[in-house]
Amino acid sequence: MRRIVVIALFLLMSAAIGLSQTAASAGSSSADSAQNTAANSGDQNAIGQMLIQREQESWARRKAGDASYFQKNIPGDFKGTQADGTKLSQGDLVSRAQSSPMSDYNLSNFNVAFPSADTAVVTYNADYRVKSEDGLLLHQKRQITSRWVRRDGDWANVDNVFKKIQ
């Protein structure tokens, strides 16, 4: 009988030790997962700030009439859509930077979302004045949605949509 009690106690202790190791392992896994989530969140914050800076830089270059910036930094497969439905290519951006001067602009309400690890969507408002190709000074207010994708370790602005703000 003593032998059965000793064996039962040994089995109970073994089970308790096994359960505590499993719980510790699960806790460690949860901590690792939380650290990865925090790291990913930190990475996304840094990437988001970088993308906002790139959006701001493109507006500064546009105002300066720097068409070469758009040749170098906007991919050839870029697709844009103006508020009136007009489609824009990378070449159109280059042409507008050369021929349609911008007098001033204000950007606000930036937001960055990550639908996937390699895709970011940047939204913001733009209030700007630009001279049209026929010489008219236009004051426009737009909500901009830009889609960025990670390509070869860097981020590229592959499309944007301008929506009129009343």
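Letter 18 of the sequence shown, counting from 1, is numbered 15 in our numbering, and no numbers are missing. Idealized CB from N, CA, C, for every residue including glycine.
Residue j beta carbon less than 8 Å from that of residue i
i, j, result
"residue 87", "residue 73", "yes"
"residue 160", "residue 102", "no"
"residue 109", "residue 45", "yes"
"residue 107", "residue 119", "yes"
"residue 135", "residue 129", "yes"
Beta-carbon contacts of residue i that lie in its chain and below 6 Å, excluding the five residues immediately before and after
i, result
"residue 55", "none"
"residue 145", "48, 117, 152, 154"
"residue 76", "156"
"residue 58", "66"
Contacting residues, own chain, Cβ-Cβ under 7 Å from residue i (five flanking each side not counted)
i, result
"residue 162", "122, 138, 139, 140"
"residue 111", "41, 117"
"residue 63", "94"
"residue 147", "115"
Range of the contiguous alpha helix (DSSP H) that encloses residue i
i, result
"residue 94", "87 to 96"
As assigned by DSSP and simplified to three states, the class of residue i
i, result
"residue 74", "coil"
"residue 162", "coil"
"residue 80", "coil"
"residue 57", "helix"
"residue 154", "strand"
"residue 110", "strand"
"residue 40", "helix"
"residue 26", "At residue 26, the pLDDT of 44 sits below 50, so the modelled position is not reliable and the matter cannot be decided from this model."
Delimiting residues of the beta strand (DSSP E) encompassing residue i
i, result
"residue 140", "134 to 148"
"residue 131", "Here residue 131 belongs to no beta strand (DSSP E), and DSSP marks it neither H nor E."
Contacting residues, own chain, Cβ-Cβ under 8 Å from residue i (five flanking each side not counted)
i, result
"residue 84", "76, 77, 78"
Item checked: Cβ pair count under 8 Å reaching 3, the segment 40 to 54 against the segment 87 to 101 -> In this structure the segment 40 to 54 does not touch the segment 87 to 101; the number of beta carbon pairs closer than 8 Å is below three.
Check: At a cut of 8 Å, does the segment 113 to 127 reach the segment 139 to 149 through at least three beta carbon pairs?
Finding: By the Cβ criterion, the segment 113 to 127 is in contact with the segment 139 to 149, since at least three pairs of Cβ atoms, one from each stretch, lie closer than 8 Å.
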